[in-house]
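Residues in the sequence shown are numbered from 3 upward in steps of one, following our numbering. Don't be surprised by glycine CBs; every beta carbon is placed ideally from N, CA and C. Working notes, structure below.
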Amino acid sequence: YLLGHSMGGMIAQEMTKLAGERIIKLICYGTGSVGDIPGRFETIEESRKKLKKNGLEITVHRIAKTWFIEEDKSKYFYLCNEASKSTSIEAAENALIAMKTWRGLENLKSIKNSTLIIWGDEDKAYNFNQVEILNKYIFNSKLKILKGCSHNAHLELPDLFNKYVAEFLEQNL
């Protein structure tokens, strides 16, 4: 079983491309089919410029706010800031470069795994068009939308998120 969130969803798609026969079920959460995301709250290039100008701490705080409906007032926002302390500006820059150049659209039709797609309806990182593309081109997919959530729906509505994941995993193969 494989669940990928955001950039992790891109990685999960790549893993499925390389070893799909080893994956029983796939969950693509808050992700899309391209890394240079059309409609993202700002372009990847803008994020890279601001990272260089403002540094890691300010950039993480600014971007992570967009992942929650209540921004930095969200109950679990602090988790994003804490997680950022275990990375470096070089790693953040490399992640943005990797995202910008990644393209997974051509691989979607080859994903035959039972797939759950989860998306928060107010996600500013991945718009509905990206989610719709996943659902359209992954043959055996099901879409669940969490209303009133942004990019970190698992932290905004954890019980409902966990319910959707559990139901999907419990379904017969």
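May I ask you to report which of helix, strand or coil DSSP gives residue i?
i, result
"G22", "helix"
"S143", "strand"
"G122", "strand"
"G37", "coil"
"G150", "coil"
"T117", "strand"
"R105", "strand"
Could you check where the beta strand (DSSP E) with residue i kicks off and where it finishes?
i, result
"C30", "27-31"
Rounded to the nearest angstrom, what separates residue i and residue j at their Cα positions?
i, j, result
"S76", "D38", "27 Å"
"S112", "K19", "7 Å"
"D55", "E48", "This sequence places Lys at residue 55; Asp is not what is there. Cα to Cα, K55 sits roughly 10 Å from E48."
"L81", "D74", "11 Å"
"K126", "A14", "21 Å"
"E84", "K51", "23 Å"
"K138", "S35", "11 Å"
"A21", "L28", "12 Å"
"P40", "S116", "26 Å"
"K86", "V62", "It should be pointed out that residue 86 corresponds to Ser in this sequence rather than to Lys. Going from the Cα of S86 to the Cα of V62 covers about 7 Å."
"W69", "H153", "4 Å"
"E23", "E158", "33 Å"
Hey, could you find the ends of the alpha helix (DSSP H) residue i is sitting in?
i, result
"K67", "58-67"
"L110", "Unbroken run through L110: none, as it is neither H nor E."
"L81", "79-86"
"L159", "Segment: none, L159 is in no alpha helix (DSSP H) and carries neither H nor E."
Hey, residue i and residue j are a contact pair by Cβ (cut 8 Å); roughly how many whole angstroms apart?
i, j, result
"G32", "W121", "6 Å"
"I91", "L58", "5 Å"
"I25", "C151", "That belief does not hold up - the Cβ atoms of I25 and C151 are roughly 26 Å apart, past 8 Å."
"K114", "N142", "6 Å"
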